[in-house]
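Presented below is the structure to which this report refers.
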Amino acid sequence: MALAVCAPAQGMSPITVPAGIPAPLRSVIAARLHATPPHRSVWVSRFEVKGKGGYHLVVTGLRGVVAIEVSKAAGRKARRGAITTYVAHGTATTNRISASFPGFGEISVRFRPSGRVVKSRPGKRCRGADRYTIRPGVFVGRIRFTGEDRYVQVRAKRAKGQIRRPRRLRCASQPGSGARSSRAVKDSQFASPGVLEAGWREPLAATELLALRLGARILCFASREESLGAMAEIRYAFAVAPARGFTQNEALTAAKLKPPWPFAGTGRYTASPQGVRSWGGDLRASFPGAPGFPLTGPEFRVRLDSGF
Amino acid sequence: MRQAKPVDTLLPRRLQATSHGSRVRAVGNHSRVGSPASASVASMPVAADFEPVADPAAPEYRQNGVVFILTPFGPGRCSGTAVNSPNYSVVFTAAHCIREPGRQGEWLDLAWVFVPGYRYGQRPYGVFPARWVDTTKRWRTIGGENSDVGAAVVRPNARGRLLTKAVGGAGIAWSLPARQSFDVHGYPAEAPFNGETQRVCRQRPFLGHDAFSFLIPGPLNLAVDCFVTGGASGGGWTIKGNVLNSVTNYGYEDDKATDFGAYFGKEVGRLFHRAAAIG
Chain A
1 MALAVCAPAQ GMSPITVPAG IPAPLRSVIA ARLHATPPHR SVWVSRFEVK
51 GKGGYHLVVT GLRGVVAIEV SKAAGRKARR GAITTYVAHG TATTNRISAS
101 FPGFGEISVR FRPSGRVVKS RPGKRCRGAD RYTIRPGVFV GRIRFTGEDR
151 YVQVRAKRAK GQIRRPRRLR CASQPGSGAR SSRAVKDSQF ASPGVLEAGW
201 REPLAATELL ALRLGARILC FASREESLGA MAEIRYAFAV APARGFTQNE
251 ALTAAKLKPP WPFAGTGRYT ASPQGVRSWG GDLRASFPGA PGFPLTGPEF
301 RVRLDSGF
Chain B
309 MRQAKPVDTL LPRRLQATSH GSRVRAVGNH SRVGSPASAS VASMPVAADF
359 EPVADPAAPE YRQNGVVFIL TPFGPGRCSG TAVNSPNYSV VFTAAHCIRE
409 PGRQGEWLDL AWVFVPGYRY GQRPYGVFPA RWVDTTKRWR TIGGENSDVG
459 AAVVRPNARG RLLTKAVGGA GIAWSLPARQ SFDVHGYPAE APFNGETQRV
509 CRQRPFLGHD AFSFLIPGPL NLAVDCFVTG GASGGGWTIK GNVLNSVTNY
559 GYEDDKATDF GAYFGKEVGR LFHRAAAIG
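Residue numbers (our numbering), protein chains in the order written: chain A, 1 to 308; chain B, 309 to 587.
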């Protein structure tokens, strides 16, 4: 097995994909969120604070990118959720996070280490002194954030957090990544997925909706990204639900999507014999800071597909 | 930095396109598209705002041209701009027209030539093969579209003339406010265009930054209203007449009317100085 020094991931981003999304779909969602997880060889600073209304904020600093992720505390493995991430460029070093979020607030904190340094266990395919360390501590300074219409508000001077410090990694290649001349095909729950995609892009904003049928379940995922001058908002909502929430006819000329919270309402797809598609109804998503965000309308480009 | 292998001639045959998420670059290592020569502009809905220039070989346009490259993945093409420098030989383009991002990225310079004033298969000022290519340091080490700027130093053409002595060059500026009005030049080659002549979107105001740009390190990029397709990558964005201040990086499949280019910050200034110092 060849060994290689692991290189920093390219295009890494502070956005993470919720663990509750089934593993086969995580990469699909990650691509849509531009969410390449930070590699172990990158410094990551992070702390959490509670806001009013049951929201909690996770602030992450990564290579000059500062992100404030707002969500309801539903647990990492929740099968439904909605998250809004506010992103700005600022300072994110090993001892400082600082960025301004015009109209929303600012983060300007320094890190004070406290507690015992935790050394990670090396990954299964990594060896040597190869690991990262997690240094717990307290971020002290100014933490101010107010969401749209004050749906969340935080004013704090300190917050517990951590800095993840990389150490040089020597990791083996992914098992099974070598060349294969053939691969057995077996039936799986993904053999005949039903897919509905709808999207709408403006110059500095985009809305996307994806519904996938996975055997007896569906995944419904919606995202909205928008550039707001000196910062950006990335919102997304997801729900893993029973398959009855996404139905279609055999001819693929009609489909109905009715996912549970954080979604509401129904989306209706129709296609004429001439191929004219329409996507209507009152389907909407409830993102933190943007409740009832519409996910249908004539501006959406829509596609319905299914395996055989 | 990298010494490019000398090339005598390189004929454009095919284009390459890369899908990167839903963003689309002009050159890369994935899906290929057929010969653009078979595409007829007249038969397709032409995006009127990326208008053809009257004569790409005219003095005000001839510093812009096509970059033809041969990569480990096959031939490709981009756009580029000659920039005034003490060695008379500097071309600016997109970094992804020079190498793949990150430390593991491959150099795309098996052959790399610049054809200023290119029009309908003609090379009015000849071919200028690269002898040195480089990108911003961040593109080479981390990658990320915010740092997608590259430069080449080219050899003289077959008649022995240095690039900017032959066609002139644009000025270059960095660390300016993002809020500028740009003339976007390029040779888009994917439908509805065919890459045979130079096009320009005139006086396009800065619209803002792409939301994606906030997620990655490096200076926030620039958006302008201009319909571009593959092949326009690396095309120069000029301000105040003829001062290069950005290059085309990418657009989105579902909104081709918006063009995104890198902000020219200090790192681009350092890249220019490295290129200009090549003797």
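Even glycine gets a Cβ: it sits at the ideal position worked out from N, Cα and C.
The model shown is predicted, which means the values in this text are computed figures rather than measured ones.
- It is roughly 60 angstroms from the alpha-carbon of A:A78 to the alpha-carbon of B:E368.
- Neighbourhood of B:H517 in chain A, by CB distance below 7 angstroms: S227, in chain order.
- Identification of chain A residues near B:Y571 by a Cβ-Cβ cut-off of 8 angstroms yields none; the smallest Cβ-Cβ distance measures about 11 angstroms.
- Bridge pairing for B:W415: B:R407 [DSSP].
- Measuring C-alpha to C-alpha distances from A:T207 to each of A:L304, A:K119, A:P294 and A:P193 identifies A:P294 as the nearest.
- Around the beta-carbon of B:D567, 16 or more other beta-carbon atoms lie within 10 Å, marking it buried.
- Going by C-alpha positions, B:V475 is about 21 angstroms away from B:S541.
- Annotated three-state conformation of A:L25 is helix, per DSSP.
- Under DSSP, A:E197 shares a beta bridge with A:L210 and A:R303.
- For A:V87, the C-beta contacts it makes with chain B under 7 angstroms involve F522 and L523, in order along the chain.
- Cβ proximity to chain B below 7 angstroms picks out R63, G64 and V65 from the stretch 51-65 of chain A.
- Shown here, B:D491 sits in a strand according to DSSP, grouped into three states.
- The beta carbons of B:G458 and B:L552 sit no closer together than 8 angstroms.
- Residue range A254 to L257 is occupied by the beta strand (DSSP E) that includes A:K256.
- The beta-carbon of B:D357 is placed no less than 8 angstroms from the nearest beta-carbon of chain A.
- Comparing alpha-carbon positions, the option among A:F221, A:A205, A:K72 and A:A31 lying closest to A:L196 turns out to be A:F221.
- In summary, the residues of the stretch 546-561 of chain B whose CB is separated from some CB of chain A by less than 8 angstroms are Y560, in the order they occur in the chain.
- Check the Cα spacing between A:R224 and each of A:A99, A:V154 and A:G292: the tightest is with A:G292.
- With fewer than 16 neighbouring CB atoms inside 10 Å of its own CB, A:P113 falls in the exposed class.
- A check of alpha carbon separations from B:H581 across B:L484, B:N395 and B:T379 identifies B:N395 as the nearest.
- In this structure, the straight-line span from the alpha carbon of B:F520 to that of B:H493 is close to 24 angstroms.
- With contact defined as three or more Cβ pairs closer than 8 angstroms, the stretch 406-415 of chain B and the stretch 434-447 of chain B are in contact.
- Per the C-alpha coordinates, the member of B:H517, B:F535, B:A438 and B:L470 positioned closest to B:Y495 is B:F535.
- If you ignore the 5 residues before and after A:R164, its C-beta comes within less than 6 angstroms of the C-beta of V44, Y132 and I134, all in its own chain and listed in chain order.
- Residue state for B:N454 is assigned as helix, using DSSP reduced to three classes.
- Taken in chain order, the members of the stretch 233-262 of chain A whose beta-carbon sits within less than 8 angstroms of a beta-carbon on chain B are E233 and I234.
- Cβ-Cβ distances below 6 angstroms link A:S278 to T270 in the same chain, with the five nearest sequence neighbours on each side left out; the list follows chain order.
- Under the DSSP assignment, A:R164 falls outside any alpha helix (DSSP H), being part of the beta strand (DSSP E) whose first and last residues are Q153 to R165.
- Within chain B, the residues whose beta carbon sits less than 8 angstroms from that of A:P203 are L515, G516, A531, D533, D563, A565 and T566, listed in sequence order.
- The beta carbon of B:L528 falls within 8 angstroms of a beta carbon belonging to chain A, placing the residue at that interface.
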